[in-house]
Each structure stands twice: as structure tokens, then as C-alpha cells.
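Residues 3 to 311, numbered by the working numbering, are exactly what the sequence shown covers, in order.
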Amino acid sequence: MATDDAATQIAASEDEMATRVLPAVGPGPETAAPLPEPDTPGPRQPVVSGGGLSLLEARGVSAWFGSHRVLEGVSLVMGAGEVTALIGPSGCGKSTFLRVLNRMHELVPSASLAGEVLLDGGDVYGRGWRLQDVRRDIGMVFQKPNPFPAMSIYDNVVSGLRLTGRRVSRDVKDEIVVRSLVSAGLWGEVRDRLRQPGGGLSGGQQQRLCIARALAVRPRVLLMDEPCSALDPTSTRVIEETMGQLRREVTIVIVTHNMQQAARVSQRCAFFLASQGMPGQIVEYGDTDAMFSEPQDERTFDYVNGRFG
Ligand SMILES: Nc1ncnc2c1ncn2[C@@H]1O[C@H](COP(=O)(O)OP(=O)(O)OP(=O)(O)O)[C@@H](O)[C@H]1O
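Next up, the structure:
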């Protein structure tokens with residue numbers, strides 16, 4: 003189930019969600035540290051990745067909705083500077099896993115989880131991480147393009163800056179808007195109409211606007227939940243090209259049902275499966291080319307060759 007409400011993500015960072023503690027993951031976020039400058043890192047953890055890019059790692063993640071366990075013991079390294087694709091049949095927990103990674107899972111009242119999510123070695127569920135810092139550092143783009151339709155293109159991009167909780171000067175905003183739109187591959191198409199509403203763009207442009215909005219806060223990781231499933235083939239191709247550029251500046255994790263897309267955009271791939279009412283697990287993980295050409299598990303072979311799912 004994909005959730006397509008970025009406004010929820012932004013708003014949730016501003017409300018009392020910071021006080022909601024999941025039962026299985028310990029003490030929850032701290033509240034005392036001052037808010038960071040827009041372009042200044044917050045309470046960073048030790049960096050273990052190379053090239054200034056971030057490494058995200060899930061260790062033994064299990065997730066529940068009420069008593070329904072939907073993921074069990076999922077461990078996955080999402081490498082710095084890589085695109086990691088999460089594939090698998092509907093209902094196997096891919097979106098839930100993605101939402102665990104940036105603590106959106108806990109927005110569901112019945113949700114709980116166990117395990118660790120390490121961003122550059124620091125557990126985002128541990129002490130030292132505030133919810134808004136996690137959501138700033140690990141951004142998300144949803145299935146359906148969801149810019150604020152009446153808001154200008156410019157204001158859509160800077161709307162994400164609310165995650166930082168600080169006022170930003172006009173000059174700095176201008177720089178952020180240009181940088182983010184360039185990175186999202188949209189600048190050339192909108193540079194002359196930044197004051198026009200975001201809702202006036204095509205679907206593919208709107209999705210790139212959402213990517214720009216996510217990039218405005220300089221995330222270290224970008225999560226993308228079926229970002230092209232509502233787009234035509236041309237727009238899909240543009241987004242895929244944009245991802246190819248973006249992975250040089252941000253670590254990307256994408257959920258996709260499109261095997262060709264997984265093969266085109268990702269360097270690593272994880273195949274999730276929830277067999278016969280069991281919680282979702284990773285059946286196979288590895289180099290994308292190898293997963294598609296020489297899968298080690300028969301179930302992976304069947305799935306990537308379209309035999310089920
Ligand atoms: N908010 C929720 N409340 C209760 N159960 C949920 C909720 N969201 C997801 N689930 C359940 O969790 C399981 C995993 O769902 P999830 O959406 O993570 O799977 P998915 O692999 O991403 O599926 P799809 O590919 O269809 O989007 C499913 O059984 C689903 O019904």
C-alpha cells in the first residue's frame with residue numbers, strides 16, 4: 003500500500019508525533035537539541051560511507067499493524083551512491099519497509115516494530131535523533147505526484163524547508179530552488195514560470211517537482227515508492243534519467259513493480275516475499291544484473307520472469 007501524502011510527512015514532523023514511541027524500539031527521540039541551520043547538518047552520526055554519500059542499513063526489522071506481523075527479520079544494506087530497488091508481489095511489505103526507514107510507519111496508530119535502522123552508523127530510532135531530523139535526512143517521494151496544486155512552483159520547492167524549522171532568507175531560498183530544480187531535472191522547463199501553480203504542470207513534471215521539494219532540505223537518502231506508476235512512458239524515462247544523475251548526490255531506495263525499471267535504474271536489488279500468510283522477508287538480495295540474469299533462488303527466478311506477482 004503506497005501512501006501519497008507528502009503534506010502528512012511535513013505536518014507530522016511539526017506536530018506531536020515526536021512524542022509517539024513505538025513499543026519495540028526503545029526510548030524514542032530526544033527533544034532538547036536546537037534546530038539546525040537549513041544547510042547545516044543536524045545531530046549527525048559517525049559517517050561510515052565513502053564519497054560524502056550516506057549508507058542506510060536495516061538490521062533485523064520486523065513490523066506489525068496491531069497483531070498482524072507484516073515483516074520479519076529484514077536486514078538490508080542500502081549502499082552509498084547506489085540505487086537499491088525493492089521488488090516483490092503486492093502485499094509483501096515493501097512499502098511498509100520503506101516507511102520504517104524514515105519512521106513514517108509510526109504514523110499508523112496500531113503500528114509497531116523491532117530492529118534497527120542505521121543511517122551512517124546511527125540508529126534513527128535511537129537517542130540523538132529527533133523525528134524531524136530523520137524525515138529531513140531521509141526524504142520520500144510517493145506514488146502519485148502530490149505537489150500543493152495552488153501553490154507556486156517556487157513555493158512548492160521551499161515548502162519542505164519547514165522540516166528544518168527555521169526561517170530562510172530570500173537569497174538562500176532562491177539558491178535552494180535553483181539547485182533543487184536542477185537536480186530534479188526540471189529547471190529548464192520551469193525557470194520562466196516559477197510563480198505559476200504547481201498544479202499546472204504535467205504529471206511527470208509534478209513528480210519531478212516533488213523530487214525537487216524532497217531535495218530542498220538536502221536529504222542524505224531519498225525513498226521513492228513506485229514514483230513512476232502514475233506516469234506515462236516518456237515521463238517515466240525522464241524520472242529514471244533523473245535518478246541516474248541523483249544517485250551521485252543522494253542514496254536512493256525505490257519500490258517498483260516494474261522489473262524493467264528495476265533493471266534499468268538500480269545497482270542492487272532486494273526481492274521481498276510473503277508466502278502463505280507469513281510475514282514478508284527478503285528472499286534474495288544482490289547485484290541487480292546478477293539477480294535478473296542468474297538468480298540464486300527459484301522463487302526469484304520465477305518472479306523476475308513474470309511467473310507470479
Ligand atoms: N495502515 C495499515 N494498516 C493495517 N495494515 C496495513 C497497513 N498498511 C499496510 N498494511 C498491510 O501490511 C501488509 C504489507 O503491505 P505493504 O503495503 O507494505 O505491501 P507492498 O508490498 O508494498 O504492497 P504493494 O506492492 O501492493 O504496494 C499488507 O498485508 C497490508 O494489508
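A virtual CB, placed ideally from N, CA and C, is assigned to each residue, including glycine.
Relative to the alpha-carbon of A152, which residue among L196, M142, M280 has its alpha-carbon at the smallest distance? L196
Based on DSSP bridge pairs, tell me the residues matched to P199. Answer by DSSP bridge pairing, in chain order: S154.
One question on the structure: do R181 and L217 come within less than 9 Å of each other, judged by their Cβ atoms? yes
Consider the C-beta atom of A276 and the heavy atoms of ligand 1; say whether any pair is separated by less than 8 Å. yes
Which residues bound the beta strand (DSSP E) around D289? 283 to 289
Close beta carbons around G205, own chain, < 8 Å, minus the five adjacent residues each side: Excluding sequence neighbours, G205 sits near P147, A232, L233, D234, S237.
Is any non-hydrogen atom of ligand 1 found closer than 8 Å to the C-beta of V257, if you look at the structure I gave you? yes
Hey, would you say the C-beta of K146 is under 8 Å away from at least one heavy atom of ligand 1? no
By DSSP, does L121 sit in helix, in strand, or in coil? strand
Could you check whether V63 and L115 sit closer than 9 Å to each other, using their CB atoms as the reference points? yes
Under three-state DSSP, which class holds H70? Reduced to three states, the DSSP call for H70 is strand.
Same chain, Cβ closer than 6 Å to W66, five either side skipped, listed in chain order: Counting only Cβ-Cβ distances below 6 Å, and skipping sequence neighbours, we find S114.
Among R309, R172, P111, R270, nearest to A292 - alpha-carbon criterion: R270
Looking only at its own chain, which residues have a Cβ that is under 7 Å from the Cβ of T290, when we skip the five neighbours before and after it? A87, A264, A265, S268, Q269, R270, C271
Report yes if the C-beta of P151 is less than 8 Å from at least one heavy atom of ligand 1; otherwise report no. no
Return the bridge partner residues of E59 from the DSSP annotation. Paired residue(s): V79, L120.
Please return the same chain residues whose Cβ sits closer than 7 Å to the Cβ of F310, not counting the five positions on each side in sequence. P91, D304
With hydrogens ignored, establish whether the beta-carbon of A113 is closer than 8 Å to any heavy atom of ligand 1. When distances are taken from the beta-carbon of A113 to the heavy atoms of ligand 1, the shortest one is below 8 Å.
In terms of alpha-carbon separation, which member of P149, R164, D157 lies closest to Q134? R164
With a cut-off of 5 Å, give the chain-ordered residues whose Cβ is closer than this to any heavy atom of ligand 1. M3, F67, V72, S92, G93, C94, G95, K96, S97, T98, V110
Please name the residue in L55, C94, G68 whose C-alpha comes closest to that of T258. Comparing alpha-carbon positions, the option among L55, C94, G68 lying closest to T258 turns out to be C94.
CA-to-CA distance, G83 to P221, given in whole angstroms: C-alpha separation (whole angstroms): 13 Å.
Please identify the residue among G308, W131, G117, E108 whose C-alpha is closest to the C-alpha of S77. The candidate whose alpha carbon is nearest that of S77 is G117.
E108: which of D299, V126, L57 sits nearest, CA to CA? V126
Report the option in E177, Q145, F144 whose CA atom is closest to the CA atom of V160. E177
Any heavy atom of ligand 2 closer than 8 Å to the Cβ of G205? You won't find ligand 2 in this model; what it holds is ligand 1.
Does the Cβ of G124 have 16 or more other Cβ atoms within 10 Å, making it buried, or fewer, making it exposed? With 16 or more other Cβ atoms within 10 Å, it is buried.
Three-way DSSP call (helix, strand, coil) for V385 in this model: The requested residue 385 does not occur in the structure, where the chain is confined to residues 3 to 311.
Tell me the start and end of each unbroken beta strand (DSSP E) in the segment 231 to 283 that is at least 3 residues and wholly inside, in chain order. 253 to 257, 270 to 275
May I ask which residues mark the beginning and end of the beta strand (DSSP E) holding V223? 223 to 227
Environment of Q208 [buried if 16+ CB atoms lie within 10 Å]: buried
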